[in-house]
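Notes follow once the structure below has been shown.
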Amino acid sequence: MDVFEALFTRRSIRKFTAEPVSDEDLQLVLKAAMCAPSAHNKQPWHFVVVRDKALLASIAERHPYAKMAAEAPVVIVVCANPDEAKAPGYWQQDCTAALENMLIAARGLNLGTVWCGMYPFEDRVEPIRDLLNVPAQINMLGLVVMGHPAQPFAEADRFNESKVHLNGW
1 MDVFEALFTR RSIRKFTAEP VSDEDLQLVL KAAMCAPSAH NKQPWHFVVV RDKALLASIA
61 ERHPYAKMAA EAPVVIVVCA NPDEAKAPGY WQQDCTAALE NMLIAARGLN LGTVWCGMYP
121 FEDRVEPIRD LLNVPAQINM LGLVVMGHPA QPFAEADRFN ESKVHLNGW
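According to the UniProt record's numbering, the sequence shown is numbered sequentially starting from 1.
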């Protein structure tokens with residue numbers, strides 16, 4: 001798929017078929033995530049891949065905006081070890097770049113995704129941390145629910161000229 005088609009047709013997909021995501025596709029999505037830029041190339045990201053149906057159902061129960069995880073074949077939790085980041089505050093940027101790469105790579109593979117935010121809301125972070133035994137010193141940015149879409153992708157033109165400021169505000 002052309003990169004611009006992937007970018008312009010990427011949508012939040014919240015309905016998935018029962019078809020599993022192949023190991024090969026999952027590996028490509030994770031590889032794309034790890035190609036993201038990071039401050040001083042420190043790559044502080046870590047990814048918790050969840051395929052277990054009971055855990056997926058528990059994620060859906062624990063995260064207020066991830067109900068669709070119960071019907072999805074995979075969830076990827078994007079985490080960071082702040083000790084591996086360049087400096088405080090960079091892990092969020094690094095992991096956001098990795099997460100966005102995942103969304104676009106998945107679209108290029110005709111997989112649907114939805115990004116469910118966690119950081120900085122402890123009421124979203126801690127229940128997932130407890131469920132997946134993520135160590136206390138590891139930060140958790142968000143989770144990506146992923147699968148074969150059971151709803152269509154559609155292009156949306158979101159370009160807004162009023163948001164562009166040339167040579168200053």
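For each residue, glycine too, the CB sits at the ideal point set by N, CA and C. The model shown is predicted, which means the values in this text are computed figures rather than measured ones.
Cβ-based burial, residue i [other Cβ within 10 Å; buried from 16]
i	result
His63	buried
Arg158	exposed
Met102	buried
Ala33	buried
Pro88	exposed
Trp169	exposed
Gln27	exposed
Leu109	buried
Ala106	buried
Asp94	buried
Cβ neighbours of residue i in the same chain (closer than 7 Å, five flanking residues each side left out)
i	result
Glu155	Phe8, Thr9
Met118	Arg124, Val125, Ile128, Met140, Leu141, Gly142, Leu143
Lys67	Ala60
Ala70	Leu56, Ala57, Ala60
Cutoff 8 Å; reference residue i; Cβ partners in own chain excluding five residues on either side
i	result
Gln137	Asn81, Pro82, Asp83
Ile104	Val3, Ala6, Leu7, Arg10, Ala32
Val164	none
Under the three-state DSSP convention, the category residue i falls into
i	result
Ser12	strand
Phe47	strand
Val164	coil
Val3	helix
Glu19	coil
Lys31	helix
Ser38	coil
Arg62	helix
Ala156	coil
Asp25	helix
Other residues of its chain near residue i: CB distance less than 6 Å, five sequence neighbours each side excluded
i	result
Ala36	Ala97, Ala98, Asn101
Arg153	Position check: residue 153 holds Phe in this sequence, whereas Arg was assumed. These residues qualify, in order along the chain: Thr9, Arg11.
residue 174	Residue 174 lies beyond the range of the chain shown here (1 to 169); nothing can be said about it.
Assumed close pair residue i, residue j - CB separation to whole angstroms, cut-off 8 Å
i	j	result
Val48	Val3	That belief does not hold up - the Cβ atoms of Val48 and Val3 are roughly 28 Å apart, past 8 Å.
Pro135	Phe16	Not really, about 30 Å apart at Cβ, beyond 8 Å.
Gly147	Val50	Not confirmed; about 12 Å, so no contact.
Asp25	Leu111	6 Å
Ala72	Val145	5 Å
Restricting to runs no shorter than 4 residues, where is the alpha helix (DSSP H) found entirely within the UniProt domain "Nitroreductase" (64-148)?
The UniProt domain "Nitroreductase" (64-148) contains these whole alpha helix (DSSP H) runs: 90-108, 122-132.
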